[in-house]
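Going left to right, the sequence shown walks through residues 1 to 988 as UniProt numbering numbers them. Beta carbons are placed, not taken as given, at the ideal position from N, Cα and C, and that holds for glycine. Okay, so here's the structure we're looking at.
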Amino acid sequence: YSCRARLRFCYCCVCVHSLGLKPQPGRHINLLDSKASQGELGWISYPQHGWEEISGVDEHYTPIRTFQVCNVMEYSQNNWLRTNWIPRQSAQKIYVELKFTLRDCNSIPLVLGTCKETFNLLYLETDDDQGSHFREHQFLKIDTIAADESFTQMDLGDRILKLNTEVREVGPINKKGFYLAFQDVGACVALVSVRVYFKKCPYTVRNLASFPDTVPMDSQSLVEVKGSCVNHSKEEEPPRMYCSTEGEWLVPIGKCLCNPGYEERSSTCQMCQPGFYKSTLGNIECSKCPPHSFSHHEGSLFCGCEKNYFRAEDPVAMACTRPPSAPRNVISSINETSVILDWSWPEDSGGRRDITFTVVCKRCRGVAGPGGSGNQRCEPCRSNVRFLPRAAGLQNTTVTVADLLAHTNYTFEIEAQNGVSPLAPKMRQYAAVTITTNQAAPSPVTVIKKEKTSRNSVSLSWQQPERPNGIILDYEIKYYEKEEQETSYTILRARGCNVTLNGLKPNTAYLLQIRARTAAGYGASSPSIQFETSPDSFSISSENSQVVLIAISSAVAIILLTVLLYVLIGRFCCHGKSKHPDEKRLHFGNGHLRLPGIRTYVDPHTYEDPSQAVHEFAKELDASCIAIDKVVGAGEFGEVCSGRLKLPSKKEICVAIKTLKGGYTDKQRRDFLAEASIMGQFDHPNIIRLEGVVTRSKPVMIVTEYMENGSLDTFLRKHDAQFTGIQLVGMLRGIASGMKYLSDMGYVHRDLAARNILVNSNLVCKVSDFGLSRVLEDDPEAAYTTRGGKIPIRWTAPEAIAYRKFTSASDAWSYGIVLWEVMSYGERPYWEMSNQDVIKAVDEGYRLPPPMDCPATLYQLMLDCWQKERNNRPKFEQIVSILDKLIRNPGSLKITANTTSRPANLLLDRSSSEVTSVGTVGDWMDGMRTLPCKEAFSGVSYSSCDTLAKTSTEDLKKVGVTIVGQQKKIVSSLKAVESHTKNGPVPV
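In structure tokens:
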């Protein structure tokens with residue numbers, strides 16, 4: 001390069017050492033870089049003899065363009081160098097990096113002017129390129145630039161020039177572009193390079209969130225930038241980062257998670273490969289398909305099962321399994337009419353541990369072939385065959401089957417099941433064993449009735465044993481006087497189911513037992529029953545007088561019974577027509593049982609959004625799965641129907657469907673679904689089971705199990721006097737068990753009545769109708785106070801009527817009324833008394849009398865439930881325990897409550913004509929309100945209440961009363977008349 005003599009030094013082949021920091025790539029965006037230009041830069045120099053553009057090389061010997069000025073030999077220097085117009089792009093703050101050399105003034109000989117060792121840096125903002133137009137006064141000074149290192153004559157001799165680097169910040173820049181200018185006032189300086197840049201945080205992906213290019217706003221604060229989740233991902237927490245003034249990303253917060261079927265790879269979410277799956281949201285890797293499953297496509301959420309393998313409600317990470325093979329090595333041990341079955345576990349468990357066993361009993365006729373088949377005709381065993389411990393869900397490999405028929409062929413199918421067995425009915429495998437029961441004696445006679453009693457004889461009848469186990473050859477009747485305690489007894493034999501015992505002593509108590517005989521011998525004797533012959537006080541000295549007296553007594557009895565029959569029939573007719581407004585009945589439910597779950601009841605009325613409670617406690621059903629067969633009734637909100645429910649992979653079941661009629665309000669919809677929100681929280685065999693609700697289509701529906709026999713009160717009236725005491729106690733025990741479950745959950749029913757108990761085909765009773773129900777608080781003494789509304793007076797405790805306070809103890813009072821309804825076969829509590837009369841009578845101590853043939857223990861339980869002090873009433877846990885003891889000891893039910901020994905609960909005088917007081921039978925007859933009954937007894941002679949009370953069921957048959965239930969009620973009424981006439985006026 002040429003040398004300038006006036007400067008007395010040359011730039012030639014010098015090595016320039018860079019000072020300062022090298023910009024980090026990706027953070028600094030260049031707006032101008034003089035080193036990047038290979039040709040002339042074209043900057044404006046003013047005056048023209050000032051700054052001079054020359055060519056040179058850098059330390060890497062790369063050609064560069066530089067500017068220099070060194071007019072130190074002249075006075076008053078003002079040399080300007082202006083760059084071209086620089087667009088600012090998105091920058092607000094810009095940085096100017098200058099690399100230059102400057103000579104020490106002391107090293108310049110013969111300086112004539114004023115030598116400076118600094119120069120000025122200036123700038124001008126404009127919105128467009130102003131070309132060569134140049135005005136000094138328009139520029140703003142950025143700074144005076146001084147060198148940290150200046151070179152001397154000696155440095156020139158060593159060919160080493162010391163390069164200075166200075167960086168200045170400019171801004172904020174508001175216009176579209178700007179100019180830079182360099183003012184020399186008398187220095188010897190060379191601009192080796194000029195770089196103008198701004199800083200930004202570059203595009204990046206962090207935690208599966210992308211952050212765009214971001215330019216810092218100023219030099220003293222961080223910029224918060226929100227990220228966007230990459231494709232196929234979702235936010236777990238909103239992603240954020242901060243952009244620093246140095247163009248660095250700082251403090252990442254939040255992250256995104258890959259969608260199911262995707263995993264994180266290379267900062268993106270990519271689909272799972274075939275043979276892998278991912279079922280959840282997250283940044284975990286895709287998992288390999290578990291055994292016996294596969295996925296043929298990318299992005300699988302789960303792996304499908306191979307053929308003949310299944311997955312029930314198992315997690316997707318669990319291997320697919322299959323039903324187990326059949327049990328092995330079945331062994332049967334026969335003991336008369338019982339058999340013990342024992343077997344080994346299946347050879348193949350199907351890959352699961354939840355194996356249970358089910359035993360199916362079939363009664364077969366014909367010749368059995370290999371494996372239990374052949375020309376046999378099989379039918380299911382009778383329902384009274386007992387499996388110990390049970391027939392289904394067995395976890396052990398043994399079961400005892402009892403109460404089979406003697407000399408009968410049976411086939412037992414034993415099937416092993418696991419969680420996927422219902423999904424593969426065609427793969428069902430079972431082991432079968434065929435046995436023939438041995439000869440066995442008959443079971444005991446359990447039902448014995450006293451038909452007629454006289455001074456010296458008694459007529460009895462009985463029912464054949466429940467399990468005769470063969471042909472009954474005859475019956476042995478053993479009887480003896482109670483006082484002799486079996487020291488002397490008499491035995492008779494009868495071929496039929498009735499006998500008349502003659503030659504008995506008058507007015508004497510006897511004990512009697514009966515047992516049946518087959519070819520296998522005698523069965524066990526029946527429990528002892530007691531009967532008494534008539535007293536001798538009715539005998540007259542002559543035989544003719546006895547005949548006359550008997551004829552007169554019979555005529556009187558027939559007349560009185562006829563009148564009484566019409567009275568009772570009229571009362572039944574009136575009763576059938578009058579329905580109490582509280583007695584709204586819903587007939588629905590079935591006998592499928594669910595295992596009870598112990599939880600705490602949550603009142604759905606506490607939810608701000610009632611629909612949230614419905615969907616939390618009730619399963620939403622698809623309306624297409626429900627088929628309505630017929631309308632069976634009408635409820636408060638719409639129709640009640642019966643139908644069928646068929647869910648995917650489940651057996652079709654019968655259900656009851658309550659629908660919400662059209663045109664309903666939001667409040668009606670909430671009230672309608674509130675019962676489902678309550679019912680859905682209960683899981684007990686004696687609580688009506690909710691199958692689900694339909695809320696997303698019309699009509700809105702509540703679907704429950706179907707109860708074949710409808711409400712308990714109607715069912716009992718339809719089957720009057722047709723059940724044994726044990727059957728009735730069993731029904732009562734189920735109701736008490738359901739109420740114990742509700743009480744344990746802190747729940748008050750408030751409307752417990754026989755009409756709100758539903759009965760299925762197996763006589764299982766289930767509590768229903770939760771429309772009036774409310775929750776108890778944690779305090780066991782707490783009570784729910786109503787805001788009004790109807791109260792079923794006849795079933796409600798006195799404190800609940802008076803103060804509207806309901807507790808589990810008030811439910812116990814209602815249970816006592818239900819107990820009375822069951823034992824009276826659906827009789828209306830307090831009969832035709834008005835509600836006001838009931839309130840007054842109960843408050844003054846009146847309690848319902850025992851029903852006909854009611855066991856004394858059950859009536860005592862009623863009285864305990866009707867204690868005025870609620871803390872003295874039994875808890876439902878105690879009621880269940882009492883009933884369990886009665887079931888284990890059936891003999892205790894044979895002692896009936898004596899109407900004469902019950903508390904005097906005479907109704908007080910009332911102005912109502914429904915109850916009147918009479919002192920004689922005539923007054924009693926005249927007080928009859930049902931005239932047809934009175935006319936039927938017209939012309940029949942009667943003398944006293946004592947004579948009327950001697951009427952027997954045989955006498956009632958003679959006047960046309962053939963229904964057993966009506967006979968019992970008439971006799972009970974006559975005994976009540978006899979009892980009350982001894983103590984005072986008779987309540988009609």
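Query, Result
"Got a sec? Which residues, its chain only, sit under 6 Å from residue 116 by beta carbon, not counting five neighbours each side?", "185, 186, 187"
"Could you pull out every residue in the same chain whose Cβ sits closer than 8 Å to the Cβ of residue 736, ignoring the five residues on either side in sequence?", "815, 876, 879, 880, 883"
"Taking only the alpha-carbon atoms, compute the straight-line gap between residue 896 and residue 848 and give it to the nearest angstrom.", "16 Å"
"How would you call residue 259, buried or exposed, if buried means at least 16 neighbouring beta carbons within 10 angstroms?", "buried"
"If you pair each beta-carbon of the stretch 755-767 with each one of the stretch 704-712, do three or more pairs fall below 8 Å?", "yes"
"With C-beta atoms as the reference, is residue 823 less than 8 Å away from residue 854?", "yes"
"I'd like the ranges of any beta strand (DSSP E) spanning at least 3 consecutive residues and lying wholly in the stretch 159-202.", "160-162, 164-170, 177-184, 188-199"
"In angstroms with no decimal places, state the Cα-to-Cα distance between residue 703 and residue 746.", "25 Å"
"Using a Cβ-Cβ cutoff of less than 6 Å, which residues in the same chain neighbour residue 267 once the five nearest sequence positions on both sides are dropped?", "205"
"Hey, quick one: how far does the beta strand (DSSP E) through residue 151 stretch, first residue to last?", "Counting along the chain, residue 151 falls outside any beta strand (DSSP E), and DSSP gives it neither H nor E."
"Who are the near neighbours of residue 103 in its chain, counting only those whose CB is closer than 7 Å to its CB and skipping five residues on each side?", "150, 151, 188"
"By a C-beta neighbour count over all protein chains shown, 10 Å radius and 16 as the cutoff for buried, is residue 749 buried or exposed?", "buried"
"What residues in its chain sit with their C-beta under 8 Å from that of residue 308, if we drop five residues either side in the sequence?", "322, 424, 427"
"How close, in whole Å, do the beta carbons of residue 303 and residue 294 come, if the pair is a contact with beta carbons under 8 Å?", "6 Å"
"Please report how far the alpha carbon of residue 866 lies from the alpha carbon of residue 809, in whole angstroms.", "10 Å"
"Could you give the DSSP three-state label for residue 436: helix, strand or coil?", "strand"
"With contact counted as at least three CB pairs below 8 Å, one residue from each stretch, are the stretch 490-497 and the stretch 470-479 in contact?", "yes"
"Mapping the DSSP letters down to three states, classify residue 718 as helix, strand or coil.", "helix"
"Where residue 232 and residue 417 are concerned, what is the direct C-alpha to C-alpha distance, given to the nearest angstrom?", "42 Å"
"Would you report the Cα separation of residue 109 and residue 70, rounded to the nearest angstrom?", "13 Å"
"With DSSP collapsed to three states, give me the class of residue 724.", "coil"
"Whose CA, out of 40, 446, 226, 415, lies closest to the CA of residue 237?", "226"
"Nearest to residue 79 by alpha carbon, out of 59, 106, 51?", "51"
"So which of 381, 412, 513 has the shortest CA-CA distance to residue 446?", "513"
"Any idea what DSSP makes of residue 866, helix, strand or coil?", "coil"
"One question on the structure: do residue 222 and residue 250 come within less than 8 Å of each other, judged by their Cβ atoms?", "yes"
"Have a look at 57, 45, 198 and flag the residue whose alpha-carbon is nearest the alpha-carbon of residue 93.", "198"
"With a 10 Å radius around its C-beta and 16 neighbouring C-beta atoms as the bar for buried, classify residue 622 as buried or exposed.", "exposed"
"Starting from residue 501, follow its DSSP beta bridges and name the residues at the other end.", "458"
"Using 8 Å as the Cβ pair cut-off and three pairs as the minimum, do the stretch 269-279 and the stretch 241-248 touch?", "no"
"CB residue 521 to CB residue 431, shorter than 8 Å?", "no"
"Check whether the Cβ atoms of residue 100 and residue 181 sit closer than 8 Å, and answer yes or no.", "no"
"For residue 249, which beta-bridge partners are listed by DSSP?", "243"
"Could you spell out the range, first to last residue, of the alpha helix (DSSP H) harbouring residue 513?", "Element bounds for residue 513: not the alpha helix (DSSP H) but the beta strand (DSSP E), 509-518."
"Per DSSP, residue 121 forms a beta bridge with which residues?", "143, 182"
"What is the DSSP secondary structure of residue 226, reduced to helix, strand or coil?", "strand"
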